[in-house]
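Trainee: Submitted below is the structure of interest, expressed as structure tokens.
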Amino acid sequence: EGGLEQLPGFLARRTEAERRHRLSGGTVKMMLDGVAENHTAAMLEPYLDPHAAGSGSAAAGACGCGQRGSGLDFIDPAKLPEYVAALDEAGFQVHFHALGDRAVRHALDAVEFASERNGRRGNRHHLAHLQVVHPDDVARFTRLGASANMQPLWACHEPQMDELTIPFLGERRAGWQYPFGSLRAAGAMLAAGSDWPVSTPDVMAGLHVAVNRRDPGADGPALLPHERIDLGTAIAAYTAGTARINHLDRVTGSIEVGKYADLALLDRDPFAAPSEEIAATRVLRTYVEGEAVHLAE
Numbered sequence: 001e002g003g004l005e006q007l008p009g010f011l012a013r014r015t016e017a018e019r020r021h022r023l024s025g026g027t028v029k030m031m032l033d034g035v036a037e038n039h040t041a042a043m044l045e046p047y048l049d050p051h052a053a054g055s056g057s058a059a060a061g062a063c064g065c066g067q068r069g070s071g072l073d074f075i076d077p078a079k080l081p082e083y084v085a086a087l088d089e090a091g092f093q094v095h096f097h098a099l100g101d102r103a104v105r106h107a108l109d110a111v112e113f114a115s116e117r118n119g120r121r122g123n124r125h126h127l128a129h130l131q132v133v134h135p136d137d138v139a140r141f142t143r144l145g146a147s148a149n150m151q152p153l154w155a156c157h158e159p160q161m162d163e164l165t166i167p168f169l170g171e172r173r174a175g176w177q178y179p180f181g182s183l184r185a186a187g188a189m190l191a192a193g194s195d196w197p198v199s200t201p202d203v204m205a206g207l208h209v210a211v212n213r214r215d216p217g218a219d220g221p222a223l224l225p226h227e228r229i230d231l232g233t234a235i236a237a238y239t240a241g242t243a244r245i246n247h248l249d250r251v252t253g254s255i256e257v258g259k260y261a262d263l264a265l266l267d268r269d270p271f272a273a274p275s276e277e278i279a280a281t282r283v284l285r286t287y288v289e290g291e292a293v294h295l296a297e
């Protein structure tokens, strides 16, 4: 709750955080909507009700399904652009939780408004989750300089997807889910993470799904296989892309002279093995700034 009256407090916390090593207070997270499974993700058109016989509406589509509302806006869309512009002017990065296509559009609209008012300030705003992205909005990420913060592990067939999501989105919108390949082709900057503790922090599992669009160990159909990304692109999203949106790309995110030795040693070369085996890759050692922080047993 609250609006721009919180800004002085944000500024004070940012100043305090800057005194600490490995901690930054330069990002404000905005929860724009909920999740698709309980129909709180904000959609441009209503959810379908596959159990209700024909409503006859255009939104219900050819299946003749009924409707269940179009999700929730957790922040007033009329106020969002002003909020984002004020944060942008103050030098904050905005991290948008945006799952539904309406939430994604509202976030991009707000970034565009801030850019028009303030100019490009290099704050590296990013949209997280991106479960459903309307095709008209894919190219806007590149044009606006907004990064796509992906959680690849979710982009596969599993019970929540097949039972609680696809039937209520309908075939057309279900085809817009997790459009990593389309975003990449449009030139968007990709970053990747796990959303832990909501799901496993295992990077190899996320890489597996990004490349295969299948859950590790599953042998069923891939989810929208045309939205796969190659392994090099996926690894870059988890490393260089994530370093970039955290404003750390000068010191980490890639192996270069002068950067921190933030490294992970794997038990195999994932590029040499079949893509179906990516999730089986084990991390043998992890180093942070050259210090070993994990040694496999």
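Residues 1 to 297, numbered by the UniProt record's numbering, are exactly what the sequence shown covers, in order. Just so you know, even glycine gets a beta-carbon here, dropped at the ideal spot from N, CA and C.
At 3 residues or longer, and completely inside the region 101-177: list those beta strand (DSSP E) runs for me, N to C.
Mentor: With a minimum length of 3 residues, the continuous beta strand (DSSP E) runs that stay inside the region 101-177 are 126-129, 147-150.
Trainee: Closest by CA to SER24, which one among MET30, MET31, ALA12?
Mentor: Among MET30, MET31, ALA12, the Cα nearest to that of SER24 is on ALA12.
Trainee: Quick check on this structure: which residue in PHE168, PRO152, ALA146 has the alpha carbon closest to the alpha carbon of HIS51?
Mentor: When each option's Cα is compared against that of HIS51, the closest is PHE168.
Trainee: Output the distance between the C-alpha atoms of VAL35 and PHE271, rounded to the nearest integer angstrom.
Mentor: Whole-angstrom Cα-Cα distance: 34 angstroms.
Trainee: What distance in whole Å lies between the Cβ atoms of LEU32 and ALA107, which are believed to be in contact at a cut-off of 8 angstroms?
Mentor: Indeed they touch by this definition, with Cβ atoms about 6 angstroms apart.
Trainee: From HIS129, GLN6, ALA103, pick the residue whose C-alpha is nearest to that of ASP73; which is it?
Mentor: Considering only alpha carbons, the answer is ALA103.
Trainee: Decide if the region 212-224 is in contact with the region 286-295; the criterion is three or more beta carbon pairs, one per stretch, under 8 angstroms apart.
Mentor: Output reads no: the region 286-295 does not touch the region 212-224.
Trainee: ARG250 to GLU171, Cα distance in whole Å?
Mentor: Looking at the two C-alpha atoms, the distance is approximately 43 angstroms.
Trainee: Which word fits ALA191, buried or exposed, when buried means at least 16 other C-beta atoms lie within 10 angstroms of its C-beta?
Mentor: Buried.
Trainee: Rounding to the nearest angstrom, what Cα-Cα distance links GLY145 and HIS97 in this structure?
Mentor: The alpha-carbon atoms of GLY145 and HIS97 are separated by roughly 17 angstroms.
Trainee: Would you kindly work out how many angstroms separate the C-alpha atoms of residue 300 and ALA174, rounded to a whole number?
Mentor: Look at the range of the chain in this structure, 1 to 297, and you will see that residue 300 is not part of it.
Trainee: Can you name the start and end residues of the beta strand (DSSP E) that PHE96 belongs to?
Mentor: Here the beta strand (DSSP E) through PHE96 covers 93-98.
Trainee: For THR27, which residues does DSSP report across the bridge?
Mentor: DSSP, once it has assigned bridges, lists GLN93 as partnering THR27.
Trainee: Helix, strand or coil, according to DSSP, for GLU277 in the structure here?
Mentor: In this structure, GLU277 counts as helix in the three-state DSSP scheme.
Trainee: With DSSP as the reference, identify every bridge partner of ASP294, one or two as the case may be.
Mentor: The identity of residue 294 in the sequence shown is His, whereas the question assumes Asp. Answer is THR286, bridged to HIS294.
Trainee: Give the DSSP bridge partners of ASP33, in chain order.
Mentor: According to DSSP, ASP33 bridges with nothing at all.
Trainee: DSSP state of ALA264, grouped into three classes?
Mentor: Of the three classes helix, strand and coil, the one that applies to ALA264 here is strand, per DSSP.
Trainee: Which residues in the same chain as LEU211 place their Cβ atom closer than 8 angstroms to its Cβ, once the five residues preceding and following it in sequence are excluded?
Mentor: A quick correction: the sequence has Val, not Leu, at residue 211. Closer than 8 angstroms at the Cβ level, and outside the excluded window around VAL211, lie ARG228, ILE229, ASP230, LEU231, ALA234, SER275, ILE278.
Trainee: If you run the structure through DSSP and keep just helix, strand and coil, what is ASP195?
Mentor: Reduced to three states, the DSSP call for ASP195 is coil.
Trainee: Which residue or residues does DSSP assign as beta-bridge partners of LEU190?
Mentor: Partner(s): ALA148.
Trainee: Are the Cβ atoms of THR165 and GLU256 separated by less than 8 angstroms?
Mentor: No. Outside cutoff.
Trainee: Entirely within the region 223-271 and at least 3 residues each: give me those beta strand (DSSP E) ranges in chain order.
Mentor: As far as the region 223-271 is concerned, its whole beta strand (DSSP E) runs of at least 3 residues are 263-266.
Trainee: Just verifying my parser: in three-state terms, what is the DSSP assignment at ASN212?
Mentor: Helix, per DSSP.
Trainee: Measuring CB to CB, does GLY26 end up less than 8 angstroms from ARG14?
Mentor: Yes, they are a contact pair.
Trainee: Count the other C-beta atoms from every protein chain shown that fall within 10 angstroms of the C-beta of ARG143, then say buried if there are 16 or more, exposed otherwise.
Mentor: Exposed is the call here.
Trainee: Helix, strand or coil for LEU72? Go by DSSP, reduced to three states.
Mentor: Note: LEU72 maps to coil in three-state DSSP.
Trainee: If you follow the alpha helix (DSSP H) that LEU4 is in, where does it begin and where does it stop?
Mentor: Element bounds for LEU4: n/a, residue is neither H nor E.
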